[in-house]
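The next block holds one structure in the form of structure tokens; read it before the comments.
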Amino acid sequence: MRHLIAGNWKMHGTLAGVAAYAAAIKAAPDHADMLICPPFPLIEPFARALAGSGVAVGAQDCHGAAQGAHTGDVHASLLREAGAAYVILGHSERREAHGETNAHVQAKVQAAVAAGLTPIVCVGESQAQRDAGEAAHVVKSQLIHSLPADFTGVVAYEPIWAIGTGLTPTEDDVAAMHGAIRAALIAHLGEAGAMVKILYGGSVKPSNAASLLAVPEVAGALVGGASLKPEDLLAIAAAAPRG
Ligand code: PGA
Numbered sequence: 095m096r097h098l099i100a101g102n103w104k105m106h107g108t109l110a111g112v113a114a115y116a117a118a119i120k121a122a123p124d125h126a127d128m129l130i131c132p133p134f135p136l137i138e139p140f141a142r143a144l145a146g147s148g149v150a151v152g153a154q155d156c157h158g159a160a161q162g163a164h165t166g167d168v169h170a171s172l173l174r175e176a177g178a179a180y181v182i183l184g185h186s187e188r189r190e191a192h193g194e195t196n197a198h199v200q201a202k203v204q205a206a207v208a209a210g211l212t213p214i215v216c217v218g219e220s221q222a223q224r225d226a227g228e229a230a231h232v233v234k235s236q237l238i239h240s241l242p243a244d245f246t247g248v249v250a251y252e253p254i255w256a257i258g259t260g261l262t263p264t265e266d267d268v269a270a271m272h273g274a275i276r277a278a279l280i281a282h283l284g285e286a287g288a289m290v291k292i293l294y295g296g297s298v299k300p301s302n303a304a305s306l307l308a309v310p311e312v313a314g315a316l317v318g319g320a321s322l323k324p325e326d327l328l329a330i331a332a333a334a335p336r337g
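First residue of the sequence shown? That's 95 in our numbering, and the numbers climb one at a time after it.
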């Protein structure tokens, strides 16, 4: 499985910064797939700047309906039209700050797939849930309730306590959780569950990328802070195992 290295810009970046970033990221290594998910207004400029480069563009959210009276929201087919190929859904920052439930996430997944986007569905436990020994149970429950039974797309395991903190789980913990996610995907989706890429996210940077990306069942990374510098995202992609 080719590794996918996805940059999540969150609420960062400017129109003025797109050209230089795109020019730098075009030097992507050819043994891994790369993706940039900027704020909505930068999707179209990025898609134009990266056309033909092999680096894909994605969004950070979409609505669960095809269109309608939803002030401030964006529908998935408009994102596709703007040049997005992927959409991050159910990120913990949206689950927490926007009250997104698993049911909301599942509706968004269906809307995204119907529009031709590949969803990247985020799951992950809080520090308190991990301390209570509930991490695997929480993640499994998020998966079962966020993914429709005919799900196609990508899953990202992002422990909330590792996001933006500089903390990461041990390689053994990542291996155990990714193994549990794989088993849950196969139980929920059947054979198709074996094909879903499972990314790791949370404080991935050039210095820890090689060890995290070498863990069994880790098929890439969802990178926040370090994705803002193209040289760091490229270094993370270069650290992805080949083949
Ligand atoms: P981080 O964010 O790399 O800054 O920890 C990851 C994410 O939230 O996707």
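Cβ atoms here follow ideal geometry from the backbone N, Cα and C, with glycine treated the same way. As the structure is a prediction and not an experimental result, all values here were calculated from the model.
{"Query": "Residue 257 CB to nearest heavy atom of the ligand PGA below 6 Å", "Result": "yes"}
{"Query": "Short Cβ contact (7 Å threshold) for residue 272 with residue 311", "Result": "yes"}
{"Query": "Residue 181 CB to nearest heavy atom of the ligand PGA below 6 Å", "Result": "no"}
{"Query": "Which listed residue (221, 240, 293) has its alpha carbon closest to that of residue 97", "Result": "293"}
{"Query": "DSSP-derived helix/strand/coil call for residue 155", "Result": "coil"}
{"Query": "Buried or exposed by the 16-neighbour rule on C-beta atoms within 10 Å, applied to residue 128", "Result": "buried"}
{"Query": "Beta bridge counterpart(s) of residue 101 as assigned by DSSP", "Result": "130, 317"}
{"Query": "Short Cβ contact (7 Å threshold) for residue 206 with residue 243", "Result": "no"}
{"Query": "Residue 302 beta carbon near the ligand PGA (any heavy atom closer than 6 Å)", "Result": "no"}
{"Query": "Beta-carbon proximity check, residue 156 vs residue 173, cutoff 7 Å", "Result": "yes"}
{"Query": "Sub-7 Å separation of residue 215 and residue 177 beta-carbons", "Result": "no"}
{"Query": "Buried versus exposed, by CB contacts within 10 Å (16 or more), residue 108", "Result": "exposed"}
{"Query": "DSSP-derived helix/strand/coil call for residue 273", "Result": "helix"}
{"Query": "Rounded separation between residue 132 and residue 117 - CA only", "Result": "15 Å"}
{"Query": "Residue from 95, 158, 161, 179 with nearest C-alpha to residue 140", "Result": "179"}
{"Query": "Proximity of residue 317 and residue 268 at Cβ, strictly below 7 Å", "Result": "no"}
{"Query": "N-terminal and C-terminal residue of the alpha helix (DSSP H) that residue 330 is part of", "Result": "324 to 332"}
{"Query": "C-beta contact flag for residue 274 and residue 280 at 7 Å", "Result": "no"}
{"Query": "Residue 336 burial status per 10 Å Cβ neighbour count (16 or more: buried)", "Result": "exposed"}
{"Query": "Residue 297 beta carbon near the ligand PGA (any heavy atom closer than 6 Å)", "Result": "yes"}
{"Query": "Bridge partners - residue 295, DSSP secondary structure assignment", "Result": "316"}
{"Query": "Distance, residue 163 Cα to residue 125 Cα", "Result": "43 Å"}
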